[in-house]
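Participant: Going line by line, the protein sequences match chains V and R.
Numbered per my numbering, the first sequence spans residues 8 to 346.
Numbered per my numbering, the second sequence spans residues 91 to 480.
Here it is, the structure in full.
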Amino acid sequence: MRHVKRIIPSMVAAICLSASVAAAGTLDDVKAKGFIQAGVNGDLFGFAKPDEKGVWKGLDVDTARAIAAAVFGDADKVKYTPLTAKTRFTALQSGEIDVLTRNATQTLGRDTALGLNFAQVNFYDGQGFLIPKALGVTSAKELDGASVCVLPGTTTEQNVADFFRVNKMSMNPVVIENTAELSKTFFAGRCDVMTSDASQLAGIRAVAPNPGDYVILPEIISKEPLAPAVRHGDDQWKDIVNYSVLAMIGAEELGITSKNIDEMMASTDPKIKRFLGVSPGNGKALGLDEKWAYNIIKQVGNYGEMFERNVGVNTPLMIERGLNALWTNGGLMYSPPFK
Amino acid sequence: MNAQVPDKIPFFRDPSKLSVFYQIMTLLGVVLLSYYLVSNTLANLERQSISTGFDFLGKEAAFEIGESLIDYSAADSYGRALIVGFLNTLIVSFIGITLTVLLGTVIGIARLSSNWLVAKLSAIYIEVFQDIPVLLQLFFWYAFFYEILPTPRQALAPLPGVFLCNRGLIFGVPHFHLAYIYAAIAFGAGIICVIFITRWSHKRQDESGKIFPLIRVSAVILVGAPLLAWLLGGAPAEMNVPALKGFNFKGGVTISPEFTALLLGLVLYTAAFVAEVVRAGIQSVSKGQREAAMSIGLKPAHVLNLVILPQALRVIVPPLTSQMLNLTKNSSLAVAIGYPDFVSVAGTTINQTGQAIEGVALIMIVYLIFSLSTSAYMNWYNKRIALVER
Numbered sequence: 008m009r010h011v012k013r014i015i016p017s018m019v020a021a022i023c024l025s026a027s028v029a030a031a032g033t034l035d036d037v038k039a040k041g042f043i044q045a046g047v048n049g050d051l052f053g054f055a056k057p058d059e060k061g062v063w064k065g066l067d068v069d070t071a072r073a074i075a076a077a078v079f080g081d082a083d084k085v086k087y088t089p090l091t092a093k094t095r096f097t098a099l100q101s102g103e104i105d106v107l108t109r110n111a112t113q114t115l116g117r118d119t120a121l122g123l124n125f126a127q128v129n130f131y132d133g134q135g136f137l138i139p140k141a142l143g144v145t146s147a148k149e150l151d152g153a154s155v156c157v158l159p160g161t162t163t164e165q166n167v168a169d170f171f172r173v174n175k176m177s178m179n180p181v182v183i184e185n186t187a188e189l190s191k192t193f194f195a196g197r198c199d200v201m202t203s204d205a206s207q208l209a210g211i212r213a214v215a216p217n218p219g220d221y222v223i224l225p226e227i228i229s230k231e232p233l234a235p236a237v238r239h240g241d242d243q244w245k246d247i248v249n250y251s252v253l254a255m256i257g258a259e260e261l262g263i264t265s266k267n268i269d270e271m272m273a274s275t276d277p278k279i280k281r282f283l284g285v286s287p288g289n290g291k292a293l294g295l296d297e298k299w300a301y302n303i304i305k306q307v308g309n310y311g312e313m314f315e316r317n318v319g320v321n322t323p324l325m326i327e328r329g330l331n332a333l334w335t336n337g338g339l340m341y342s343p344p345f346k
Numbered sequence: 091m092n093a094q095v096p097d098k099i100p101f102f103r104d105p106s107k108l109s110v111f112y113q114i115m116t117l118l119g120v121v122l123l124s125y126y127l128v129s130n131t132l133a134n135l136e137r138q139s140i141s142t143g144f145d146f147l148g149k150e151a152a153f154e155i156g157e158s159l160i161d162y163s164a165a166d167s168y169g170r171a172l173i174v175g176f177l178n179t180l181i182v183s184f185i186g187i188t189l190t191v192l193l194g195t196v197i198g199i200a201r202l203s204s205n206w207l208v209a210k211l212s213a214i215y216i217e218v219f220q221d222i223p224v225l226l227q228l229f230f231w232y233a234f235f236y237e238i239l240p241t242p243r244q245a246l247a248p249l250p251g252v253f254l255c256n257r258g259l260i261f262g263v264p265h266f267h268l269a270y271i272y273a274a275i276a277f278g279a280g281i282i283c284v285i286f287i288t289r290w291s292h293k294r295q296d297e298s299g300k301i302f303p304l305i306r307v308s309a310v311i312l313v314g315a316p317l318l319a320w321l322l323g324g325a326p327a328e329m330n331v332p333a334l335k336g337f338n339f340k341g342g343v344t345i346s347p348e349f350t351a352l353l354l355g356l357v358l359y360t361a362a363f364v365a366e367v368v369r370a371g372i373q374s375v376s377k378g379q380r381e382a383a384m385s386i387g388l389k390p391a392h393v394l395n396l397v398i399l400p401q402a403l404r405v406i407v408p409p410l411t412s413q414m415l416n417l418t419k420n421s422s423l424a425v426a427i428g429y430p431d432f433v434s435v436a437g438t439t440i441n442q443t444g445q446a447i448e449g450v451a452l453i454m455i456v457y458l459i460f461s462l463s464t465s466a467y468m469n470w471y472n473k474r475i476a477l478v479e480r
């Protein structure tokens with residue numbers, strides 16, 4: 008009865024919901040069990056995927072590691088639950104995971120009706136189109152009548168339908184839940200074009216049999232602020248997740264990296280002293296150790312380091328900083344003062 | 091010694107009263123448990139600010155569906171999208187069950203063939219298809235279609251107006267014309283006609299022993315009547331021929347690789363089980379029956395049709411029903427290969443609305459309806475063919 012497996016996660020979630028969710032106090036729960044259970048993609052190169060040695064790598068993985076570094080002082084105290092786009096929110100709602108770092112787009116509906124809270128965005132993304140160069144298409148507005156490979160269970164399906172409707176074009180979607188299976192189908196030519204968040208497309212192109220044969224079209228048809236999510240109603244835990252991401256951005260603003268952090272501990276700059284917990288206060292306010300930000304930067308690095316390591320121009324994904332640059336460099340990454 | 095007059099039995103020793111008591115207690119327990127589950131779920135949903143109810147069915151779906159038997163666009167409601175999914179599941183299950191029963195019966199009989207090669211080939215088929223998980227088979231057939239077949243621009247054209255490519259099998263269909271309605275009516279009338287002729291010929295055979303060439307006459311009626319109606323209707327021959335326009339073929343009818351892969355995978359897998367059921371049924375009929383039938387001079391086909399199968403069916407039908415239900419339920423594996431069945435559409439709906447409990451409830455209700463109606467029909471059929479004890 009293999010078919011049942013497809014709906015088991017939802018059913019389990021429904022049962023868990025009825026059997027009372029772990030009450031507030033995620034921080035206490037996490038401390039008690041000694042690790043953070045993070046929901047991740049599991050199959051998306053650059054964001055969350057185990058490498059050939061089985062070590063989880065990626066921007067979302069590093070985000071979860073930063074939270075673990077803040078809570079435990081040890082970035083390795085994370086266990087990963089690979090989730091599909093469909094099961095990710097129910098897994099969070101039901102308490103199966105503590106935090107969802109699975110390139111999930113923050114939307115009003117999810118923030119409210121789904122009972123979630125989103126923390127600081129860790130990647131500003133937008134939906135685009137990946138297409139074989141051989142088709143000679145240069146703009147997404149030439150896609151009338153195309154077969155489109157779509158990953159289900161995201162805002163992707165809605166965005167692409169909206170885009171085709173607005174431009175009075177017809178489309179023929181092929182919807183497959185598994186990224187790997189969908190990519191294979193696309194590379195074999197079942198669809199003319201594939202749509203997803205541009206970052207995902209970069210990841211998919213990187214594993215193509217011949218990455219040079221594919222091009223991402225210039226049109227970005229949606230805003231996709233990808234952010235870690237937590238359950239609604241646990242403000243302390245949300246603060247911790249939020250400031251773990253912000254600390255990485257703040258460190259980049261302050262010029263602190265994993266390499267120079269130990270020299271920075273001796274800095275006389277009051278902002279840096281507060282940030283690294285040399286002048287105490289921030290840790291207590293969050294309910295964490297005063298060295299929480301130090302641990303994040305020391306073990307995971309600042310936002311720039313994390314970005315370049317996982318998805319930057321020197322990785323197979325070749326993504327420019329763009330919107331994800333610091334505000335001082337024309338991007339959107341901005342952290343509030345750490346005081 | 092006086093016979094002791096038994097006291098009135100106290101109610102707690104009276105088995106009939108006790109059983110009523112137990113049943114009431116059980117019922118109360120079930121009611122309380124469901125009340126607890128429902129109210130607790132609602133309270134938790136409320137606490138987590140997750141909206142509930144079926145209001146979403148009327149909202150605009152805003153997503154496209156790859157294939158649909160009825161008109162559908164992203165501007166239609168979630169309710170209509172779910173109907174599209176329902177019909178997609180229905181059609182694949184219906185065609186799947188029909189083909190499975192036919193193929194399974196043929197292979198089941200072939201396995202008992204006295205021809206060594208035929209029997210062994212059937213046995214190999216059964217072992218191979220029964221032993222490989224159906225999901226793998228679906229992936230295999232789907233990959234087979236999208237890897238082997240060319241792109242639309244290099245589509246194969248086995249017949250004029252028929253194209254085969256990785257977007258599916260695309261062929262022309264006639265433009266709508268009243269004559270086709272006449273032909274459909276004529277076909278329906280033909281079926282009724284054949285039923286009456288069948289009854290009449292059986293009766294006549296019972297009375298006089300004369301054999302009526304039933305199959306030939308039926309074929310003439312079923313083909314001739316619609317043809318005649320079509321001719322009388324003006325014999326329209328205009329076709330809606332598919333043509334390559336842009337990325338895909340426009341016009342005609344497309345049978346997608348997703349549908350074909352799902353159908354093929356389900357039919358080949360389930361037919362292996364049905365073949366075993368059929369074989370078991372035939373072997374359950376004692377050897378003497380066959381020998382007796384042959385000894386009175388019946389032809390081999392008659393031995394099978396008149397003596398063996400009517401008795402074997404009684405053994406075959408109940409497990410066959412369960413295989414039919416399996417096929418319907420396995421059709422939900424469609425999501426893995428991109429066929430927009432009910433589970434796939436409901437999954438998208440759940441994700442966009444976030445109302446997992448309602449969505450999963452709908453999925454369960456739909457499969458329950460499919461299963462119960464299949465069972466009801468098969469139970470009726472089973473009763474009809476059951477051994478009438480005299």
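From the three backbone atoms N, C-alpha and C, an ideal C-beta is built for every residue, glycine too.
For residue 423/V, name the three-state secondary structure that DSSP assigns.
Facilitator: This structure leaves residue 423/V out entirely; chain V is present only between 8 and 346.
Participant: Below 8 Å between beta carbons: does that hold for residue 179/V and residue 146/V?
Facilitator: The answer is no: Cβ separation not under 8 Å.
Participant: Kindly indicate which three-state DSSP category residue 272/V falls into: helix, strand or coil?
Facilitator: DSSP places residue 272/V in coil when its eight states are reduced to three.
Participant: What's the C-alpha gap between residue 481/R and residue 294/R?
Facilitator: There is simply no residue 481/R to check, as chain R begins at 91 and stops at 480 in what is shown.
Participant: Take residue 190/V and list the residues in its own chain whose beta-carbon comes closer than 6 Å to its own, dropping the five residues that flank it on each side.
Facilitator: Hits under 6 Å: 211.
Participant: Does the contact criterion of 3 or more C-beta pairs under 8 Å hold for the stretch 108-125 of chain V versus the stretch 238-258 of chain V?
Facilitator: Because the criterion of three Cβ pairs below 8 Å is met, the stretch 108-125 of chain V and the stretch 238-258 of chain V touch.
Participant: Identify the residues that DSSP records as bridge partners of residue 150/R: which are they?
Facilitator: In DSSP, residue 150/R forms a bridge with 167/R.
Participant: Taking the beta carbon of residue 306/R as the centre, do at least 16 other beta carbons fall within 10 Å, making it buried, or is it exposed?
Facilitator: Result: exposed.
Participant: Under 8 Å Cβ to Cβ from residue 182/R, same chain only, skipping five residues before and after it: list those, please.
Facilitator: Cβ neighbours of residue 182/R beyond the five flanking positions: 349, 352, 353, 356, 421, 424, 429, 431.
Participant: Let me know if residue 395/R comes out buried or exposed under the rule of 16 or more other beta-carbons within 10 Å of its beta-carbon.
Facilitator: That one is exposed.
Participant: Suppose only complete runs of 4+ residues qualify. What are the alpha helix (DSSP H) ranges in the stretch 190-246 of chain R, listed by chain order?
Facilitator: Listed in chain order, the complete alpha helix (DSSP H) runs (minimum 4 residues) inside the stretch 190-246 of chain R are 206-221, 224-238.
Participant: Could you please tell me which residues of the stretch 152-170 of chain R, in chain order, have their CB closer than 9 Å to any CB of chain V?
Facilitator: Listed by position, the residues of the stretch 152-170 of chain R near chain V (Cβ gap below 9 Å) are 152, 153, 154, 155, 156, 157, 163, 164, 165.
Participant: Have a look at residue 308/V and residue 187/V and give me their C-alpha separation to the nearest angstrom.
Facilitator: Distance between the alpha carbons of residue 308/V and residue 187/V is about 30 Å.
Participant: Can you check whether the CB of residue 284/V is closer than 8 Å to the CB of residue 300/V?
Facilitator: Contact: yes.
Participant: Here's a check: name, in chain order, each residue in its chain whose Cβ is nearer than 6 Å to the Cβ of residue 287/V, leaving out the five neighbours to either side.
Facilitator: Result list for residue 287/V: 297, in chain order.
Participant: Does DSSP put residue 353/V in a helix, in a strand, or in coil?
Facilitator: With chain V covering only 8 through 346, there is no way to say anything about residue 353/V.
Participant: Looking at chain V, is there any beta carbon in it that lies within less than 8 Å of the beta carbon of residue 425/R?
Facilitator: Yes, residue 425/R lies at the interface with chain V (some Cβ there is under 8 Å from its Cβ).
Participant: Which residues in the same chain as residue 460/R place their Cβ atom closer than 6 Å to its Cβ, once the five residues preceding and following it in sequence are excluded?
Facilitator: The residues are 418.
Participant: At which residues does the beta strand (DSSP E) containing residue 460/R begin and terminate?
Facilitator: Careful: residue 460/R lies outside any beta strand (DSSP E), inside the alpha helix (DSSP H) at 446-475.
Participant: Between which two residues does the beta strand (DSSP E) containing residue 156/V stretch?
Facilitator: 153-157 is the extent of the beta strand (DSSP E) around residue 156/V.
Participant: Is residue 329/R helix, strand or coil when you go by DSSP?
Facilitator: Three-state DSSP puts residue 329/R in a strand.
Participant: Assess contact between the stretch 212-226 of chain V and the stretch 273-290 of chain R, defined as three or more Cβ pairs (one per stretch) separated by less than 8 Å. Is contact present?
Facilitator: With the cut-off at 8 Å, the stretch 212-226 of chain V and the stretch 273-290 of chain R do not touch.
Participant: If the cut-off is 8 Å on Cβ atoms, which residues from the stretch 325-359 of chain R count as contacting chain V, listed in chain order?
Facilitator: Within the stretch 325-359 of chain R, the residues whose Cβ lies closer than 8 Å to some Cβ of chain V are 335, 336, 337, 338, 340, 347, 348, listed in chain order.
Participant: Would you say residue 109/V faces chain R, with C-beta separation under 8 Å as the test?
Facilitator: So no, residue 109/V is outside the interface.
Participant: Taking the C-alpha atoms as reference points, what is the distance between residue 42/V and residue 201/R?
Facilitator: For residue 42/V and residue 201/R, the distance between alpha carbons rounds to 58 Å.
Participant: Going by DSSP in three states, residue 342/V sits in which element: helix, strand or coil?
Facilitator: If DSSP states are grouped into helix, strand and coil, residue 342/V belongs with coil.
Participant: List, from N- to C-terminal side, the alpha helix (DSSP H) runs of 4 residues or more that fit wholly inside the stretch 359-428 of chain R.
Facilitator: As far as the stretch 359-428 of chain R is concerned, its whole alpha helix (DSSP H) runs of at least 4 residues are 377-385, 399-420.
Participant: Can you tell me whether DSSP reads residue 129/R as helix, strand or coil?
Facilitator: The answer is helix: DSSP assigns residue 129/R an H, G or I state.
Participant: Starting from the beta carbon of residue 125/R, find every residue of chain V whose beta carbon is closer than 9 Å, and list them in chain order.
Facilitator: The contacting residues do not exist; residue 125/R stays about 12 Å from chain V at best.
Participant: Report yes or no: do the stretch 307-326 of chain V and the stretch 47-65 of chain V share at least 3 C-beta pairs separated by less than 8 Å?
Facilitator: Judged by Cβ distances under 8 Å, the stretch 307-326 of chain V makes contact with the stretch 47-65 of chain V, as three or more pairs qualify.
Participant: On the DSSP bridge list, what partners appear for residue 347/V?
Facilitator: Outside the modelled stretch of chain V, which goes from 8 to 346, sits residue 347/V, for which no answer is possible.
Participant: If we require 4 or more residues per run, which alpha helix (DSSP H) segments fall completely within the stretch 261-312 of chain R?
Facilitator: 268-298, all fully within the stretch 261-312 of chain R.
Participant: Can you grab the Cα-Cα spacing for the pair residue 78/V / residue 266/V, in whole Å?
Facilitator: Those two C-alpha atoms are separated by around 21 Å.
Participant: Does residue 152/V get closer than 8 Å to chain R when you measure Cβ to Cβ?
Facilitator: Yes, residue 152/V counts as interfacial toward chain R.
Participant: Assuming residue 72/V and residue 85/V form a contact by the criterion Cβ under 8 Å, report the distance between their Cβ atoms to the nearest whole angstrom.
Facilitator: Indeed, because the Cβ distance is near 6 Å, the residues count as touching under 8 Å.
Participant: Between the alpha carbons of residue 225/R and residue 186/R, how many angstroms are there, rounded?
Facilitator: The alpha-carbon atoms of residue 225/R and residue 186/R are separated by roughly 16 Å.
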